[in-house]
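In this text, residue positions in the sequence shown follow this note's numbering: the first is 1442, and each later residue adds one.
One structure is given here, and the rest of the page talks about it.
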Amino acid sequence: MLRSPTFADAGPRCSCLPVSQTLNSMDTVLMGSLQHCCCQLPKMGDTWAQLPWPGPPHPAMLLISLLLAAGLMHSDAGTSCPVLCTCRNQVVDCSSQRLFSVPPDLPMDTRNLSLAHNRITTVPPGYLTCYMELQVLDLHNNSLMELPRGLFLHAKRLAHLDLSYNNFSHVPADMFQEAHGLVHIDLSHNPWLRRVHPQAFQGLMQLRDLDLSYGGLAFLSLEALEGLPGLVTLQIGGNPWVCGCTMEPLLKWLRNRIQRCTADSQLAECRGPPEVEGALLFSLTEESFKACHLTLTLDDYLFIAFVGFVVSIASVATNFLLGITANCCHRWSKASEEEEI
């Protein structure tokens, strides 16, 4: 007796996609369990090629085939485009939508994500875990104060990161952890940015462009930059730099790299100390820090001690003479008053 062919005849291809095998009625077929999975589904052509051909295909069989094909296409396409966003050619644009939080679901193959010009205050931990194709992330002009630890752990292809025009107050050591593919980082126009950890950019061997301009930085450790061999462009203008002795190592390093590393040298000015206020940061020479290298010898200390001793003796002698003089004047004045009487 002939029977209708089923997918079970071709052997299981996908154990995680249960499909009802009952074909007695159309209602039974429509109530079959269809679930999405990540394993490889059987191809329609291959399946039918392996089956005997008893006659015309069952209508229910055609319906199941169409449903499976639609499910496969949906799985390949990934998550649909978030509300208020536009998605095209792996570019997701959610900018200028007054968002207070990041969209929860994005297409899995997203390469360029723009969340600029919104009101986003936080990014949840693990937000980028599923988007391994991400190469560009634009978060500028939001209200971010920090990023969660390990945010870029799975974003191995991320190359361009824009965090400008936010409210960061510091750049911690683990902010860019595992983001070894970063080529461009923009942290400009963060007016509350006061501190950059010496190891904030550790491991970013491919970093070429770093923008720290127009923040609140008064000091930057040399250790934060000397581990960036590929650095080509450095923007640090518009910060209230205090060009004291602690800044000398960084300035010396920058002078040695200025021909290979483009910098906004005309915008970087000193706000202190008073003797160099208003001077261009890159105009300072070794003479400007000469006082930082003054050292005292034993003879200098002995001379200072001797001078101090002499000044002390002279002060005591002067006070003694002034006391005697004042006493004599008082007695003389009293004697003159008695003679008049």
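Note that beta-carbon positions come from the ideal geometry of N, C-alpha and C, so glycine has one too.
Where residue i falls: helix, strand or coil (DSSP)
| i | result |
| --- | --- |
| residue 1682 | strand |
| residue 1625 | strand |
| residue 1553 | strand |
| residue 1713 | strand |
| residue 1721 | strand |
| residue 1532 | strand |
| residue 1598 | coil |
| residue 1638 | coil |
| residue 1487 | Low confidence applies to residue 1487: its pLDDT is 41, below 50, so where it sits in the model is not reliable enough to give any reading. |
| residue 1494 | Any answer about residue 1494 is weak, because its pLDDT of 42 lies below 50 and its placement is not dependable; what the coordinates show is given next. Looking at residue 1494 - three-state DSSP - the assignment turns out to be coil, as it is neither helix nor strand. |
| residue 1470 | For residue 1470, the predicted structure reports a pLDDT of 33, less than 50, and the residue's modelled location is therefore unreliable. A value from the coordinates is still provided. Three-state DSSP puts residue 1470 in a helix. |
| residue 1517 | Confidence in residue 1517 is poor, its pLDDT being 42 and thus under 50, which makes the residue's placement unreliable; the coordinate value appears in the next sentence. Looking at residue 1517 - three-state DSSP - the assignment turns out to be helix. |
| residue 1527 | strand |
| residue 1767 | helix |
| residue 1564 | coil |
| residue 1612 | strand |
Distance between beta carbons of residue j and residue i, contact taken as under 8 Å
| i | j | result |
| --- | --- | --- |
| residue 1650 | residue 1624 | 7 Å |
| residue 1622 | residue 1588 | Not really, about 16 Å apart at Cβ, beyond 8 Å. |
| residue 1584 | residue 1552 | No, residue 1584 and residue 1552 are not in contact; Cβ-Cβ is about 26 Å, not under 8 Å. |
| residue 1595 | residue 1573 | 6 Å |
| residue 1630 | residue 1605 | 5 Å |
| residue 1711 | residue 1720 | 5 Å |
| residue 1690 | residue 1665 | About 11 Å separates the two Cβ atoms, so there is no contact after all. |
| residue 1537 | residue 1558 | 4 Å |
| residue 1684 | residue 1725 | 6 Å |
| residue 1540 | residue 1556 | 7 Å |
| residue 1637 | residue 1675 | The pair is not a contact, with the Cβ atoms about 12 Å apart (cut-off 8 Å). |
| residue 1546 | residue 1523 | 6 Å |
Endpoints, alpha helix (DSSP H) assigned at residue i
| i | result |
| --- | --- |
| residue 1697 | 1689 to 1698 |
| residue 1666 | 1664 to 1667 |
Residue closest to residue i, alpha-carbon to alpha-carbon, out of the options
| i | options | result |
| --- | --- | --- |
| residue 1658 | 1673, 1606, 1680 | 1680 |
| residue 1570 | 1597, 1586, 1762 | 1597 |
| residue 1580 | 1573, 1595, 1533, 1615 | 1533 |
| residue 1697 | 1708, 1684, 1663, 1709 | 1663 |
| residue 1568 | 1576, 1527, 1544, 1752 | 1544 |
| residue 1695 | 1722, 1771, 1777, 1628 | 1722 |
| residue 1590 | 1768, 1614, 1754 | 1614 |
| residue 1618 | 1653, 1575, 1592 | 1592 |
| residue 1530 | 1524, 1546, 1554, 1540 | 1554 |
| residue 1627 | 1768, 1688, 1549, 1607 | 1607 |
| residue 1709 | 1578, 1654, 1748, 1540 | 1654 |
| residue 1548 | 1539, 1540, 1535 | 1535 |
| residue 1715 | 1692, 1682, 1523, 1563 | 1682 |
| residue 1616 | 1564, 1633, 1575 | 1564 |
| residue 1678 | 1692, 1756, 1707, 1667 | 1707 |
| residue 1632 | 1717, 1770, 1656 | 1656 |
| residue 1652 | 1705, 1692, 1636 | 1705 |
| residue 1634 | 1586, 1667, 1603 | 1586 |
| residue 1562 | 1582, 1763, 1526 | 1582 |
Host beta strand (DSSP E) of residue i (start-end)
| i | result |
| --- | --- |
| residue 1578 | 1577 to 1579 |
| residue 1675 | 1674 to 1676 |
| residue 1651 | 1650 to 1652 |
Neighbour flag for residue i against chain D, beta carbons, 8 Å
| i | result |
| --- | --- |
| residue 1688 | You won't find chain D in this structure, because it holds only one protein chain. |
Do three or more CB pairs link the region 1639 to 1647 to the region 1660 to 1673 at distances below 8 Å? Output reads yes: the region 1660 to 1673 touches the region 1639 to 1647.
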